[in-house]
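In the working numbering, the protein residues as written are -12 to 343.
Here it is, written out as structure tokens:
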């Protein structure tokens, strides 16, 4: 039996908790959905004063977000119109803020990221970009403000308003993006591909070390000349030569010799840092699984009610919503191999198989 089609969401379905960001075309809010009491981010885009191309970019963000599912890509939930002029996009709320804000706070405190933190963020960014590029999507506006950090250290890439799905011709020809992160080929108004995202990754990696972009100027023309020349101040001495060498590879002004995302993830230093990250996760998990104290059992059964037992660990009912499970294709002659429903929960995977 088909389920009844849900009505489109409305702004009144959400309780606005606070504004967390504001731009030229709209604002982002932390909201609570009234029906499930869960927290989301609501991006409200004002379409009134936009050009047709800008409107297309806004709706393109929905297309990109709704098409992708990856731990380092901002999770999409919903989109709807509020009246005729406001587009609302509902995504997951990432409670650690964005990388730009984190960098500004460090600069104000005259402090720095640890090198391990830089690698942790950068490698996750690369994983997100690899997912985009595997779907033939160029982000085109990678910058610190579009990198969101969760409290557990997981990062999400967001703001896909100007992302472009590469056509069969392979090349994109429009110049778009945030000036500090724009690649030399885009400044030269030449065709560009996914290598432009690699340049932007290099700019972000540099900015995490120096707490400012690699190329700065008082006007756009001077900024363009600096980026096209590829000359930038060296990173602080506190950081390793491996980090400096990685930045140099990413900020290669020649896109043909600049690495692609697979080249970046294949660098020995990246593999070494991944091993460190995996080891740290293992240690953290082992700390979380320490054996509880011995349960003291009295000899007198009348005292049984006073035994101190471990506390309950029920899952939140709201978190037990079934999700669609993807099954591998069934081989020839095995059509009845698995006939029963499969439901995936966050902590439980139950699979009933029937054999013939």
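All residues carry an ideal CB built from backbone N, CA and C; glycine is no exception.
Just so we're clear, the structure is a prediction, and the values are computed from it rather than from any experiment.
Buried or exposed (CB count within 10 angstroms, at least 16 for buried), residue i
| i | result |
| --- | --- |
| residue 255 | exposed |
| residue 224 | exposed |
| residue 66 | buried |
| residue 271 | exposed |
| residue 269 | exposed |
| residue 39 | exposed |
| residue 6 | exposed |
| residue 397 | Given a span of -12 to 343 for the chain in the structure shown, any question on residue 397 remains unanswerable. |
| residue 43 | exposed |
| residue 263 | exposed |
Alpha-carbon spacing of residue i relative to residue j, whole angstroms
| i | j | result |
| --- | --- | --- |
| residue 146 | residue -2 | 21 Å |
| residue 181 | residue 258 | 22 Å |
| residue 102 | residue 72 | 45 Å |
| residue 239 | residue 220 | 15 Å |
| residue 347 | residue 201 | Outside the modelled stretch of the chain, which goes from -12 to 343, sits residue 347, for which no answer is possible. |
| residue 21 | residue 63 | 18 Å |
| residue 70 | residue 32 | 12 Å |
| residue 132 | residue 4 | 21 Å |
| residue 130 | residue 198 | 13 Å |
| residue 19 | residue 185 | 36 Å |
| residue 111 | residue 89 | 16 Å |
| residue 49 | residue 55 | 10 Å |
| residue 96 | residue 86 | 15 Å |
| residue 174 | residue 2 | 43 Å |
| residue 222 | residue 211 | 21 Å |
Spatial neighbours of residue i in its chain, beta-carbon cut-off 7 Å, leaving aside the 5 residues before and after
| i | result |
| --- | --- |
| residue 172 | 179, 183, 242 |
| residue 207 | 166 |
| residue -6 | none |
| residue 13 | 30, 31, 32, 33 |
Residues of its chain near residue i, where Cβ-Cβ distance is below 8 Å and the 5 sequence neighbours each way are ignored
| i | result |
| --- | --- |
| residue 117 | 248, 249, 252 |
| residue 57 | 114, 115, 118 |
Residue i CB to nearest heavy atom of the ligand ATP below 7 Å
| i | result |
| --- | --- |
| residue 225 | With respect to small molecules bound, the structure shown includes none, and the ligand ATP cannot be examined in it. |
Any C-beta of chain B under 8 Å from that of residue i
| i | result |
| --- | --- |
| residue 87 | The chain labelled as chain B is not found in the depicted structure, where only one protein chain is given. |
DSSP beta-bridge partners of residue i
| i | result |
| --- | --- |
| residue 9 | 14 |
| residue 69 | 73 |
| residue 99 | The partner list for residue 99 (beta bridge, DSSP) is empty, contrary to what the question assumes. |
Close beta carbons around residue i, own chain, < 6 Å, minus the five adjacent residues each side
| i | result |
| --- | --- |
| residue 135 | 81, 85, 143, 145 |
>> Counting beta carbon pairs with one atom in the segment 20 to 27 and one in the segment 69 to 84, are three or more of them shorter than 8 Å?
In response: yes
>> Check whether the segment 209 to 217 and the segment 101 to 120 touch, using three or more Cβ-Cβ pairs below 8 Å as the test.
In response: no
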